[in-house]
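Residue numbers (our numbering): 7 to 168.
See below:
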């Protein structure tokens, strides 16, 4: 059995003019939400075996806060440029390529791709994964490359913890 947690990056800032989208930082609210959700999740689940993030600043910052809360070594955080995508294609490829020695993983990525993925692979329809939302899906398959429809075991959003 494999368990995947998908986290949409926290709320980002649009304040800074002239920077590329990939470089947008988290807002203060995003940082607070990330601490809130990582604290909640660290008490609810066992630390995932792999932490993987988009290379976008906002996703990377979200992932680093989760790493700190879970005591996951920053040096082991995998940064994947291809996850800076707003479709589910690279997300699926990233999951399928996970080492089968990992029974669980947490991936930090972006809107649209996450929404499509959780509705395609989870068994509960989710209209919209909000910023810093966390979705957990369990799969019966032994190999990540073979995952099919799984069971949605966690749906958590910051607004539910404020």
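By construction, the Cβ of each residue, glycine as well, lies at the ideal position given by its N, Cα and C atoms.
What you are looking at is a predicted structure, and each value in this text was computed from that prediction instead of being measured.
Is the beta carbon of residue 114 less than 8 Å from the beta carbon of residue 60?
yes
Using a Cβ distance threshold of 8 Å, determine whether the stretch 134-143 contacts the stretch 84-100, with at least three qualifying pairs required.
no
What does the Cβ neighbour count give for residue 43, buried or exposed, with the cut at 16 atoms within 10 Å?
buried
Using 8 Å as the threshold, is the stretch 48-63 in touch with the stretch 28-37, meaning 3 or more CB pairs across them?
yes
Taking 8 Å as the cut-off, decide whether the C-beta atoms of residue 119 and residue 156 are in contact.
no
When 92, 25, 123 and 36 are compared against residue 158, the one with the closest alpha-carbon:
123
Whether residue 96 touches residue 54 by CB criterion (8 Å)
no
Identify which residue in 67, 150, 143 and 45 has its Cα closest to the Cα of residue 121.
143
Taking the DSSP output, what are the residues bridged to residue 32?
18
On a CA-only basis, which of 70, 167, 161 and 82 is nearest residue 130? Give me that one, please.
161
Which residue from 80, 111, 112 and 45 puts its Cα closest to that of residue 167?
45
Alpha carbon to alpha carbon, what distance is there between residue 14 and residue 148?
25 Å
Within 10 angstroms of its Cβ, does residue 92 collect 16 or more other Cβ (buried), or is it exposed?
exposed
Beta carbon of residue 69 nearer than 8 Å to that of residue 39:
no
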